[in-house]
Amino acid sequence: MCGRKTKREVIWKMNQLKRVDPLYEQIYKNVEQSIVEGRFAPGERLIDTKIASEFGVSRGPVREAFRKLEQDGLILNNDGIVTVFTPSLQDALELYQVRIGLESVAAYWAARHIDDEKLEQLKQFLDLTQAAINAKKMDEVVYLNTQFHESIVTFSGNNRLKVMMYNIRTLIQLCRNTIIKQYNRSDSFLSEHYAVFEAIQSRNPELAAERMEQHIQNDMEAF
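For the record, in the sequence shown the residue sitting at position 10 is 10 according to UniProt numbering, with numbers rising by one throughout.
Dropping the structure here:
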């Protein structure tokens, strides 16, 4: 396992914040990443004053970031007590049922539209994933897993599909992080990724869709 960063290392201080985006947006992105990657654990309480202190800002931008995170479904606010969302089994099942429908379609159309350059990108993700697994860099494994799936959605060429997937991407990442790290799915999911890749490479849309559906079904069963 790679070394875990402390929350103090993860949360930027004021002198590290860029001035390009509003402060609340930068705080939102950083806390979102910390939740998705498991540095803020499911059920963990988030205290606005503490996070504001770490960033060197007032509570206003933090509370605005919290509102956006709540809209995304990543945190819960119960009378001012803010905690990280803990996906239930039913939450995961519903999310992965949606994924099966959307991503199998994405794999189908990616197989029809993909060119050699994009195929090489997918192959690089697979090779890098194998290297990360060998090095036990699990945060990198999760990241590359996400890149593989999101690239297939992009390569489908269906903009409506991309929008629908974007709306649930953070919750997918939260569940994906749990599945890979807690249920030891890294080796098996990679072999399934290779199977999806080979179907896309052979320009076989039906097989690509079938293999993607089976892959996500296996993830759902692991969860």
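The beta carbon of each residue, even a glycine, is placed where N, CA and C say it ideally should be.
Rounded straight-line distance, which links the Cα of residue j to that of residue i
i: I200; j: G80; result: 48 Å
i: K118; j: A111; result: 11 Å
i: N218; j: A52; result: 40 Å
i: E198; j: V142; result: 21 Å
i: F189; j: H215; result: 7 Å
i: M14; j: Q26; result: Interpretation of M14 is limited by its pLDDT of 47, a score under 50 that renders its predicted location unreliable; no figure is taken from the coordinates.
i: M220; j: I172; result: 11 Å
i: M212; j: T49; result: 44 Å
i: E64; j: D116; result: 44 Å
i: T86; j: K29; result: 19 Å
i: T146; j: P61; result: 29 Å
i: Y24; j: L74; result: 16 Å
i: R59; j: V84; result: 18 Å
i: T129; j: L144; result: 6 Å
i: G3; j: N177; result: Note that G3 scores a pLDDT of 47, beneath 50, so its modelled location is shaky; the value from the coordinates is reported in the next line. Those two C-alpha atoms are separated by around 16 Å.
i: Q71; j: R203; result: 39 Å
i: P205; j: G157; result: 14 Å
i: I35; j: E210; result: 31 Å
i: A208; j: T170; result: 24 Å
i: E44; j: H113; result: 43 Å
i: F66; j: A131; result: 36 Å
i: G101; j: M165; result: 11 Å
i: V82; j: V196; result: 39 Å
i: I168; j: G56; result: 31 Å
i: H193; j: Q97; result: 18 Å
Continuous alpha helix (DSSP H) stretch holding residue i: start and end
i: L144; result: 138-155
i: T86; result: Run containing T86: none; DSSP gives neither H nor E here.
i: F125; result: 116-134
i: R39; result: Careful: R39 lies outside any alpha helix (DSSP H) and carries neither H nor E.
i: R211; result: 205-222
Where the beta strand (DSSP E) through residue i begins and ends
i: V57; result: No beta strand (DSSP E) contains V57, which DSSP labels as neither H nor E.
i: I75; result: 75-78
Identity of the residues DSSP links to residue i by a beta bridge
i: R45; result: T83
For this session: Could you say if the stretch 98-108 and the stretch 161-168 meet the contact criterion of at least three C-beta pairs nearer than 8 Å?
Result: The stretch 161-168 and the stretch 98-108 touch, with three or more beta-carbon pairs separated by less than 8 Å.
Exercise. Between the stretch 119-129 and the stretch 139-157, do three or more beta carbon pairs fall short of 8 Å?
Worked result: yes
Problem set entry | Stretch-stretch touch, CB-based, cutoff 8 Å, three pairs: the stretch 87-103 with the stretch 126-143 | no
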